[in-house]
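Undergrad: Protein chains in written order, with the numbering used here: chain P, 294 to 669; chain B, 294 to 669.
Heads up, the beta-carbon is just placed ideally off N, CA and C, and yes, glycines get one too.
1) So residue 660 of chain B is in the alpha helix (DSSP H); what residue range does that whole segment cover?
2) Which chain P residues are close to residue 362 of chain B, counting only those with a beta carbon under 7 angstroms from its beta carbon?
3) Residue 586 of chain P lies in the alpha helix (DSSP H); which residues open and close that run?
4) Out of B:548, B:418, B:643, B:499, state which residue places its alpha-carbon closest to the alpha-carbon of residue 297 of chain B.
5) Alpha carbon to alpha carbon, how far is residue 412 of chain B from residue 466 of chain B?
6) Kindly give me the distance between the Cβ atoms of residue 483 of chain B and residue 501 of chain B, rounded to whole angstroms, as I take these residues to be in contact under 8 angstroms.
7) Mapping DSSP to helix, strand and coil, what is residue 393 of chain P?
8) What residue range does the alpha helix (DSSP H) around residue 616 of chain B cover?
9) Applying the criterion that 16 or more other CB atoms from any shown protein chain within 10 Å of the CB defines a buried residue, is residue 470 of chain B buried or exposed?
10) Kindly give me the distance between the Cβ atoms of residue 626 of chain B and residue 340 of chain P, rounded to whole angstroms, as I take these residues to be in contact under 8 angstroms.
11) Can you give me the start and stop residues for the beta strand (DSSP E) that residue 328 of chain B sits inside?
12) Along the chain, where does the beta strand (DSSP E) that runs through residue 311 of chain P open and close?
13) Closer than 7 angstroms, Cβ to Cβ, to anything on chain P: give me those residues from the region 642-653 of chain B, in chain order.
14) Kindly indicate the opening and closing residues of the alpha helix (DSSP H) around residue 425 of chain B.
15) Grab me the residues of residue 455 of chain P's own chain with a C-beta within less than 6 angstroms of its C-beta, minus the 5 sequence neighbours each way, in chain order.
16) Tell me the rounded alpha-carbon separation between residue 410 of chain P and residue 394 of chain P.
17) Closer than 8 angstroms is the cut-off here; do at least three beta carbon pairs connect the region 323-333 of chain P with the region 570-578 of chain P?
18) In whole angstroms, what is the alpha-carbon distance linking residue 436 of chain B and residue 392 of chain P?
19) Give the straight-line distance between the Cα atoms of residue 308 of chain B and residue 632 of chain B, rounded to the nearest whole angstrom.
20) Using the rule of at least 16 other Cβ atoms within 10 Å of the residue's Cβ for burial, across every protein chain shown, is residue 390 of chain B buried or exposed?
21) Would you identify the three-state DSSP class for residue 409 of chain P, choosing helix, strand or coil?
22) Per DSSP, which one or two residues make a beta bridge with residue 435 of chain P?
23) In the DSSP assignment, find the unbroken beta strand (DSSP E) run with residue 528 of chain B in it and report its ends.
24) Give me the residue from P:378, P:367, P:629 with the minimum Cα distance to residue 337 of chain P.
25) Rounding to the nearest angstrom, what Cα-Cα distance links residue 667 of chain P and residue 305 of chain P in this structure?
26) Are three or more beta carbon pairs between the region 415-433 of chain B and the region 584-603 of chain B nearer than 8 angstroms?
27) Beta-carbon within less than 6 angstroms of residue 602 of chain P's beta-carbon, same chain only, minus the 5 sequence neighbours each way: which residues are those?
28) Suppose contacts are defined by Cβ-Cβ distances below 8 angstroms. Is residue 321 of chain B in contact with residue 311 of chain B by that definition?
29) Just tell me which of P:526, P:398, P:578 has its CA closest to the CA of residue 556 of chain P.
30) Does the beta carbon of residue 339 of chain B come closer than 8 angstroms to any beta carbon on chain P?
31) Report buried or exposed for residue 388 of chain B, applying the criterion of at least 16 other Cβ atoms within 10 angstroms of its Cβ.
32) Check whether the Cβ atoms of residue 650 of chain B and residue 544 of chain B lie closer than 8 angstroms to each other.
33) Hey, how far is the Cα of residue 371 of chain B from the Cα of residue 360 of chain P?
34) Tell me, to the nearest whole angstrom, how far the beta carbon of residue 533 of chain B is from that of residue 547 of chain B; I am working on the premise that it is less than 8 angstroms.
35) So, with DSSP's three-state summary, where would you put residue 741 of chain B?
36) To the nearest angstrom, how far is it from the Cα of residue 368 of chain P to the Cα of residue 491 of chain P?
Here it is, written out as structure tokens:
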């Protein structure tokens, strides 16, 4: 029996925004929601007991990193990712594709900057129809990532939601090559689905919609993938070089996805993009943005982002946000957090991360409420 | 009314070990006990809500660092150190002397290695009878530390136990100069005491016994300082170049301290030294050793120290110490902590610090019990 289910609770009359609930073997995810990124089976600086107490409903872990260390087998022996990392709540893993193609093309940001001058690192040995052969960044040993091995690894990790192996074509790609890449990605996703179906193991498999910045290819991708029995849809690949292009692409693409299953926007989670994405009907957003901002001393408040290192906070003997109920704001003043950042104390990262994560959890609650009240 | 009181509960018949209880305005310190070092008003990586829940009875903060940032005035405006750092339990601060003299002579380790080739950094501008003029490591601004300004700063911080301003003569010092240094330290401590007496403010002031590695000078220091109304005695300065020399010096010195007040061994807290010190009648030990070890992946267990980065732990799917009740061992396996260290995740430091700190708290409880049972 598959315990994965999506319940559509409410659809806005003034936008595509919707409120729903995803049921998984490890509990509920209310949507729309923010998905924090714990690449190595931890958020940076926060142990999972704390994360659990904050009420984060879904965490994103990276299969690529976990394959490289400690290895999917070690985590399987631990009893799976939930047990390994002490998180009895829902987890989503990706396929590793994003990371191996970042090795080949550089990160999204680097690639956008480089205007398509491909950076071929020595990490990726060979990309073929079969998959990608690359070197472990840890010890240089060769690792093969294919649709089958990615799904097998994700079975060992045992997340509630998993992702098929896909190619991440760069933003600066020849249109002809983009089409070829999309076709291969579709073949890889279908192979991933077949591998998944051998042993569904109570996991949900989301398709990944590709097509880069070509709306017709995006529409084709929605059509092809909708005809396969995926449990949900993630939107991946380059959606443009800025937020406006992304919004335009999502505006065109979102109506083409089946409404009765959940969708996920991969790797985008800055506040403005989430706001836009919620109106466009995105259910979940994963991003390391809020936690990375926290470590850089950029704290989110209702009145905008705050640079905690600014001298203004040195003598502010009240919580950063007096209305915030997070453990950081309940127990510490802005002055104290400022001091920790000035003194370069790790504890500063910890407290700032607790705050930004709590902010995101609260923000998404408010979006859900606003949709229910017909305001979005 | 001074709320500071020392109750001697039990003295061993087979050693100088003793069990006592220090009452402070912020609660009780059972002795002998370990004092964790939170230099900048935080243990590295642990927020004080966590530290409080672990039951650490006394924390050591460094006046020098807190004067440089955020400044004693900022902390005073916050309502004092306890409020600033969210620690409603006892705190001890030092005078800043140790740090400014480390600037002049190098750290204890460096100085021992250098065999007395003094390192004069440009940080210390002038040492005189009045005190020490030095430059802030933060912005280069000149700061004057004297017995009076150190006590005034410690009044603003508001710790439960404070320390008079003293000179830290290097291990490699000419015997004649050591005597002169001791005499000046005594004058400085008396000036500190007078400054303290202007406004005791419910703080206890411990004397610091000096005399370096000269037993006669140590005895003289005990005698001189015992004649002044200090609330307790700390043992400072160089006690020798290794543990054996330290034990020899403490064996000679401890019987010369008045038994009805608490004593403290400054800056020494490795496990073997604590074991020896407990038998010699030391009441409290402060050291960053256990927390620093944690950050380097050296975890304490009943069976000895464990290097968590060793491959042996990669597949150990049980707590590092199955008998340990700390949050780390209750929630995480050795395999997970090993993985976090391998992946260089801050969370690894956090979990290791929680464990070592809990270990120290538990260890000291066991020492107290063993003394009460006549085993030490």
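TA: Let's see:
1) 639-665
2) 632, 635, 636
3) 582-588
4) B:499
5) Any answer about residue 412 of chain B is weak, because its pLDDT of 48 lies below 50 and its placement is not dependable; what the coordinates show is given next. Between residue 412 of chain B and residue 466 of chain B, the C-alpha separation is close to 13 angstroms.
6) That belief does not hold up - the Cβ atoms of residue 483 of chain B and residue 501 of chain B are roughly 12 angstroms apart, past 8 angstroms.
7) helix
8) Unbroken run through residue 616 of chain B: none, as it is neither H nor E.
9) exposed
10) At roughly 13 angstroms, the Cβ-Cβ gap does not stay under 8 angstroms, so residue 626 of chain B and residue 340 of chain P are not in contact.
11) 326-330
12) 311-317
13) 642, 643, 644
14) Segment 425-428 is the beta strand (DSSP E) holding residue 425 of chain B; no alpha helix (DSSP H) there.
15) 386, 447, 496, 498
16) Per-residue confidence for residue 410 of chain P stands at a pLDDT of 48, beneath the threshold of 50, marking its modelled position as unreliable; the derived number appears in the next sentence. Going from the Cα of residue 410 of chain P to the Cα of residue 394 of chain P covers about 14 angstroms.
17) yes
18) 51 angstroms
19) 44 angstroms
20) buried
21) With a pLDDT of 48 at residue 409 of chain P, under the threshold of 50, the predicted position of this residue should be treated as unreliable, though the coordinate-derived value follows. Three-state result, residue 409 of chain P: coil.
22) P:428
23) 525-528
24) P:378
25) 6 angstroms
26) no
27) 590, 634
28) no
29) P:526
30) yes
31) buried
32) no
33) 47 angstroms
34) The pair is not a contact, with the Cβ atoms about 15 angstroms apart (cut-off 8 angstroms).
35) As displayed, chain B neither begins before 294 nor continues past 669, which places residue 741 of chain B out of reach and without an answer.
36) 21 angstroms
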